[in-house]
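Data block below; observations after.
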(Lines of atoms letter the chains of each structure in order from A and count residues from 1; the text may use other names and numbers.)
(Lines give C-alpha, C1' and ligand atoms only; values in the text may rest on other atoms or scores of the structure.)
Protein backbone atom coordinates (compact mmCIF):
# COMPACT_ATOMS: atom_id res chain seq x y z
CA UNK A 1 0.00 0.00 0.00
CA UNK A 2 2.89 2.38 0.73
CA UNK A 3 4.27 1.89 -2.78
CA UNK A 4 0.85 2.69 -4.24
CA UNK A 5 0.56 5.79 -2.07
CA UNK A 6 3.99 7.05 -3.17
CA UNK A 7 3.14 6.46 -6.82
CA UNK A 8 -0.16 8.34 -6.53
CA UNK A 9 1.48 11.25 -4.69
CA UNK A 10 4.11 11.53 -7.41
CA UNK A 11 1.41 11.59 -10.09
CA UNK A 12 -0.61 14.26 -8.29
CA UNK A 13 2.43 16.48 -7.72
CA UNK A 14 3.52 16.49 -11.35
CA UNK A 15 1.74 19.85 -11.57
CA UNK A 16 3.92 22.37 -9.64
CA UNK A 17 0.84 24.47 -8.82
CA UNK A 18 -0.66 21.63 -6.80
CA UNK A 19 -0.22 20.89 -3.09
CA UNK A 20 -1.33 17.87 -1.07
CA UNK A 21 -2.67 19.30 2.18
CA UNK A 22 -3.57 15.97 3.81
CA UNK A 23 -3.97 12.31 2.95
CA UNK A 24 -6.00 9.61 4.69
CA UNK A 25 -6.99 6.00 4.08
CA UNK A 26 -10.31 4.35 4.86
CA UNK A 27 -12.38 1.31 3.94
CA UNK A 28 -15.30 1.42 1.54
CA UNK A 29 -17.93 -1.29 2.24
CA UNK A 30 -18.89 -3.53 -0.68
CA UNK A 31 -21.84 -5.87 -0.12
CA UNK A 32 -21.73 -9.39 -1.56
CA UNK A 33 -24.96 -11.04 -2.73
CA UNK A 34 -25.58 -14.67 -3.66
CA UNK A 35 -28.17 -14.67 -6.45
CA UNK A 36 -30.17 -17.58 -7.88
CA UNK A 37 -31.64 -16.97 -11.32
CA UNK A 38 -33.04 -18.72 -14.38
CA UNK A 39 -32.42 -18.10 -18.02
CA UNK A 40 -34.51 -19.04 -21.03
CA UNK A 41 -33.26 -20.17 -24.41
CA UNK A 42 -34.98 -17.88 -26.90
CA UNK A 43 -35.26 -18.80 -30.57
CA UNK A 44 -37.48 -18.32 -33.60
CA UNK A 45 -40.37 -20.80 -33.72
CA UNK A 46 -39.84 -23.46 -36.37
CA UNK A 47 -42.52 -23.97 -39.01
CA UNK A 48 -43.66 -27.42 -37.80
CA UNK A 49 -44.25 -26.22 -34.23
CA UNK A 50 -46.17 -23.24 -35.56
CA UNK A 51 -48.34 -25.51 -37.72
CA UNK A 52 -49.14 -27.74 -34.73
CA UNK A 53 -50.04 -24.81 -32.51
CA UNK A 54 -52.31 -23.40 -35.22
CA UNK A 55 -53.94 -26.81 -35.63
CA UNK A 56 -54.58 -27.14 -31.88
CA UNK A 57 -55.92 -23.58 -31.79
CA UNK A 58 -58.40 -24.16 -34.62
CA UNK A 59 -59.52 -27.79 -34.16
CA UNK A 60 -60.07 -30.50 -31.56
CA UNK A 61 -57.20 -32.95 -32.02
CA UNK A 62 -56.17 -35.70 -29.60
CA UNK A 63 -54.13 -38.08 -31.74
CA UNK A 64 -50.72 -37.50 -33.28
CA UNK A 65 -51.73 -39.79 -36.16
CA UNK A 66 -54.37 -37.31 -37.28
CA UNK A 67 -51.78 -34.53 -37.45
CA UNK A 68 -49.34 -36.81 -39.24
CA UNK A 69 -51.88 -37.43 -42.00
CA UNK A 70 -52.90 -33.78 -42.15
CA UNK A 71 -49.36 -32.35 -42.34
CA UNK A 72 -47.68 -35.27 -44.17
CA UNK A 73 -45.08 -35.57 -41.40
CA UNK A 74 -43.82 -38.76 -39.70
CA UNK A 75 -45.94 -39.54 -36.65
CA UNK A 76 -42.81 -40.00 -34.50
CA UNK A 77 -41.80 -36.38 -35.12
CA UNK A 78 -45.29 -35.22 -34.20
CA UNK A 79 -45.27 -37.23 -30.94
CA UNK A 80 -41.85 -35.86 -29.93
CA UNK A 81 -42.89 -32.29 -30.68
CA UNK A 82 -46.18 -32.59 -28.77
CA UNK A 83 -44.28 -33.91 -25.72
CA UNK A 84 -41.81 -31.05 -26.01
CA UNK A 85 -44.58 -28.45 -26.21
CA UNK A 86 -46.24 -29.97 -23.14
CA UNK A 87 -42.95 -29.77 -21.19
CA UNK A 88 -42.58 -26.15 -22.27
CA UNK A 89 -46.10 -25.34 -21.07
CA UNK A 90 -47.40 -24.36 -24.52
CA UNK A 91 -50.23 -26.92 -24.66
CA UNK A 92 -52.19 -29.20 -22.35
CA UNK A 93 -54.56 -32.09 -22.98
CA UNK A 94 -58.26 -31.55 -22.32
CA UNK A 95 -61.25 -33.82 -22.96
CA UNK A 96 -61.77 -32.48 -26.49
CA UNK A 97 -58.07 -32.55 -27.38
CA UNK A 98 -54.89 -30.50 -27.06
CA UNK A 99 -55.42 -26.82 -26.26
CA UNK A 100 -53.03 -23.89 -26.13
CA UNK A 101 -52.13 -22.42 -22.76
CA UNK A 102 -51.82 -18.66 -22.27
CA UNK A 103 -48.09 -19.05 -22.83
CA UNK A 104 -48.79 -21.01 -26.00
CA UNK A 105 -51.06 -18.26 -27.36
CA UNK A 106 -48.46 -15.59 -26.55
CA UNK A 107 -45.57 -17.43 -28.18
CA UNK A 108 -47.61 -18.34 -31.26
CA UNK A 109 -48.45 -14.65 -31.65
CA UNK A 110 -44.83 -13.50 -31.37
CA UNK A 111 -43.29 -16.43 -33.23
CA UNK A 112 -40.60 -16.63 -30.51
CA UNK A 113 -40.04 -19.69 -28.32
CA UNK A 114 -38.70 -19.47 -24.75
CA UNK A 115 -37.36 -22.71 -23.26
CA UNK A 116 -36.59 -22.70 -19.54
CA UNK A 117 -33.03 -23.60 -18.51
CA UNK A 118 -31.66 -24.95 -15.23
CA UNK A 119 -31.37 -22.64 -12.23
CA UNK A 120 -27.99 -20.94 -11.91
CA UNK A 121 -26.08 -19.09 -9.18
CA UNK A 122 -23.81 -16.09 -9.30
CA UNK A 123 -22.24 -13.53 -6.97
CA UNK A 124 -22.86 -9.79 -7.29
CA UNK A 125 -20.91 -6.99 -5.60
CA UNK A 126 -22.76 -3.82 -4.61
CA UNK A 127 -21.40 -0.50 -3.38
CA UNK A 128 -24.03 1.34 -1.29
CA UNK A 129 -22.04 4.58 -1.52
CA UNK A 130 -22.32 4.52 -5.31
CA UNK A 131 -25.65 2.65 -5.51
CA UNK A 132 -24.04 0.54 -8.22
CA UNK A 133 -23.06 -3.07 -8.85
CA UNK A 134 -19.36 -3.61 -9.49
CA UNK A 135 -17.39 -6.32 -11.26
CA UNK A 136 -15.34 -8.72 -9.16
CA UNK A 137 -11.90 -7.50 -8.15
CA UNK A 138 -9.20 -8.36 -10.67
CA UNK A 139 -6.39 -8.00 -8.11
CA UNK A 140 -6.20 -8.87 -4.38
CA UNK A 141 -7.06 -6.11 -1.91
CA UNK A 142 -3.85 -4.17 -1.11
CA UNK A 143 -2.45 -5.05 2.30
CA UNK A 144 -2.15 -2.38 4.98
CA UNK A 145 -1.03 -2.75 8.58
CA UNK A 146 -3.23 0.13 9.69
CA UNK A 147 -6.70 -0.45 11.10
CA UNK A 148 -8.81 1.65 8.75
CA UNK A 149 -12.07 3.37 9.60
CA UNK A 150 -15.14 3.10 7.38
CA UNK A 151 -15.94 5.69 4.76
CA UNK A 152 -17.67 8.50 6.62
CA UNK A 153 -20.47 9.09 4.09
CA UNK A 154 -21.67 5.51 3.59
CA UNK A 155 -25.21 5.28 2.23
CA UNK A 156 -27.10 2.74 4.35
CA UNK A 157 -30.39 2.86 2.45
CA UNK A 158 -31.68 -0.51 1.24
CA UNK A 159 -32.16 0.13 -2.48
CA UNK A 160 -31.86 -3.46 -3.73
CA UNK A 161 -34.87 -5.31 -5.14
CA UNK A 162 -35.64 -8.09 -7.62
CA UNK A 163 -36.11 -5.70 -10.54
CA UNK A 164 -32.62 -4.22 -10.07
CA UNK A 165 -31.08 -7.67 -9.76
CA UNK A 166 -32.85 -8.77 -12.95
CA UNK A 167 -31.63 -5.69 -14.82
CA UNK A 168 -27.97 -6.12 -13.86
CA UNK A 169 -28.04 -9.87 -14.57
CA UNK A 170 -29.61 -9.23 -17.98
CA UNK A 171 -26.83 -6.77 -18.79
CA UNK A 172 -24.14 -9.28 -17.80
CA UNK A 173 -25.58 -12.69 -18.66
CA UNK A 174 -27.72 -12.25 -21.80
CA UNK A 175 -25.87 -13.52 -24.85
CA UNK A 176 -26.32 -14.61 -28.43
CA UNK A 177 -25.19 -18.18 -29.06
CA UNK A 178 -23.43 -19.43 -32.17
CA UNK A 179 -26.34 -21.57 -33.37
CA UNK A 180 -28.70 -18.60 -33.61
CA UNK A 181 -30.60 -18.72 -30.31
CA UNK A 182 -30.30 -16.25 -27.46
CA UNK A 183 -30.02 -17.01 -23.74
CA UNK A 184 -31.86 -14.42 -21.66
CA UNK A 185 -32.15 -13.97 -17.88
CA UNK A 186 -35.87 -14.34 -17.24
CA UNK A 187 -36.30 -14.57 -13.47
CA UNK A 188 -34.47 -13.94 -10.20
CA UNK A 189 -35.42 -16.78 -7.85
CA UNK A 190 -33.70 -15.43 -4.72
CA UNK A 191 -30.92 -13.17 -3.49
CA UNK A 192 -29.21 -13.15 -0.11
CA UNK A 193 -26.62 -10.86 1.41
CA UNK A 194 -23.60 -12.99 2.22
CA UNK A 195 -20.92 -10.67 3.59
CA UNK A 196 -19.52 -7.15 3.48
CA UNK A 197 -16.05 -6.75 2.03
CA UNK A 198 -13.87 -3.68 2.43
CA UNK A 199 -12.04 -1.85 -0.34
CA UNK A 200 -9.24 0.42 0.95
CA UNK A 201 -9.34 3.91 -0.57
CA UNK A 202 -6.66 6.61 -0.51
CA UNK A 203 -7.96 10.15 -0.14
CA UNK A 204 -5.85 13.20 -0.95
CA UNK A 205 -7.01 16.70 0.03
CA UNK A 206 -5.62 18.98 -2.63
CA UNK A 207 -5.05 22.69 -3.26
CA UNK A 208 -4.32 24.33 -6.61
CA UNK A 209 -2.52 27.65 -6.04
CA UNK A 210 -3.06 28.99 -9.55
CA UNK A 211 -6.82 28.36 -9.52
CA UNK A 212 -7.24 28.87 -5.76
CA UNK A 213 -9.42 25.78 -5.35
CA UNK A 214 -9.52 22.95 -2.84
CA UNK A 215 -10.57 19.54 -4.10
CA UNK A 216 -10.36 15.81 -3.35
CA UNK A 217 -8.76 12.93 -5.20
CA UNK A 218 -9.73 9.41 -4.13
CA UNK A 219 -8.08 6.25 -5.41
CA UNK A 220 -10.45 3.29 -5.31
CA UNK A 221 -8.42 0.07 -4.99
CA UNK A 222 -11.37 -2.14 -5.97
CA UNK A 223 -11.92 -0.31 -9.27
CA UNK A 224 -8.21 0.53 -9.61
CA UNK A 225 -8.88 4.12 -10.65
CA UNK A 226 -9.65 7.61 -9.39
CA UNK A 227 -13.23 7.65 -8.11
CA UNK A 228 -15.00 10.86 -9.09
CA UNK A 229 -18.24 9.83 -7.34
CA UNK A 230 -16.54 9.64 -3.93
CA UNK A 231 -14.55 12.80 -4.67
CA UNK A 232 -17.77 14.70 -5.36
CA UNK A 233 -19.42 13.41 -2.16
CA UNK A 234 -16.46 14.51 -0.04
CA UNK A 235 -16.12 17.91 -1.72
CA UNK A 236 -19.80 18.70 -1.23
CA UNK A 237 -19.47 18.06 2.50
CA UNK A 238 -16.00 19.39 3.31
CA UNK A 239 -14.53 21.77 0.74
CA UNK A 240 -15.73 24.91 2.55
CA UNK A 241 -14.33 23.56 5.82
CA UNK A 242 -10.94 22.94 4.18
CA UNK A 243 -10.76 26.50 2.90
CA UNK A 244 -11.52 27.91 6.34
CA UNK A 245 -9.04 25.55 8.01
CA UNK A 246 -6.06 26.10 5.74
CA UNK A 247 -6.69 29.81 5.18
CA UNK A 248 -6.64 30.31 8.94
CA UNK A 249 -3.47 28.21 9.21
CA UNK A 250 -1.74 30.29 6.53
CA UNK A 251 -2.72 33.57 8.22
CA UNK A 252 -1.50 32.29 11.60
CA UNK A 253 1.87 31.22 10.18
CA UNK A 254 2.36 34.68 8.70
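In the numbering used here, the protein residues as written are 2 to 255. The beta-carbon is built from N, C-alpha and C at its ideal position, and this holds for glycine as well. Just so it is clear, the structure is predicted and the values come from calculations on it, not from any experiment.
Buried versus exposed call for residue i [16 or more other C-beta atoms within 10 Å across all chains shown]
| i | result |
| --- | --- |
| residue 92 | buried |
| residue 137 | exposed |
| residue 207 | buried |
| residue 115 | buried |
| residue 147 | exposed |
| residue 122 | exposed |
| residue 95 | exposed |
| residue 65 | buried |
Integer-rounded CB distance, given that residue j should sit under 8 Å from residue i
| i | j | result |
| --- | --- | --- |
| residue 32 | residue 158 | No, residue 32 and residue 158 are not in contact; Cβ-Cβ is about 12 Å, not under 8 Å. |
| residue 232 | residue 244 | That pair is no contact at about 16 Å. |
| residue 28 | residue 125 | Going by Cβ atoms, the distance from residue 28 to residue 125 rounds to 20 Å, so no, they are not a contact pair. |
Residues of its chain near residue i, where Cβ-Cβ distance is below 6 Å and the 5 sequence neighbours each way are ignored
| i | result |
| --- | --- |
| residue 86 | 92 |
Beta-carbon proximity list for residue i, same chain, < 7 Å, skipping 5 on both sides
| i | result |
| --- | --- |
| residue 105 | 54, 91 and 92 |
| residue 45 | 112 and 113 |
| residue 61 | 97 and 98 |
Option in the options with minimal Cα separation from residue i
| i | options | result |
| --- | --- | --- |
| residue 133 | 168, 109, 123 and 139 | 168 |
| residue 127 | 107, 116 and 166 | 166 |
| residue 222 | 246, 247 and 141 | 141 |
is_contact[residue i, chain D] using C-beta, thresh 7 Å
| i | result |
| --- | --- |
| residue 140 | In the structure shown, chain D does not exist; there is a single protein chain. |
Per-residue DSSP class, three states only, for residue i
| i | result |
| --- | --- |
| residue 182 | coil |
| residue 223 | coil |
| residue 157 | coil |
| residue 263 | Not covered by the structure: residue 263. The range shown for the chain is 2 to 255. |
| residue 15 | coil |
Contacting residues, own chain, Cβ-Cβ under 8 Å from residue i (five flanking each side not counted)
| i | result |
| --- | --- |
| residue 120 | 37, 38, 39 and 190 |
| residue 130 | 29, 30, 152, 154, 155, 156, 230, 231 and 234 |
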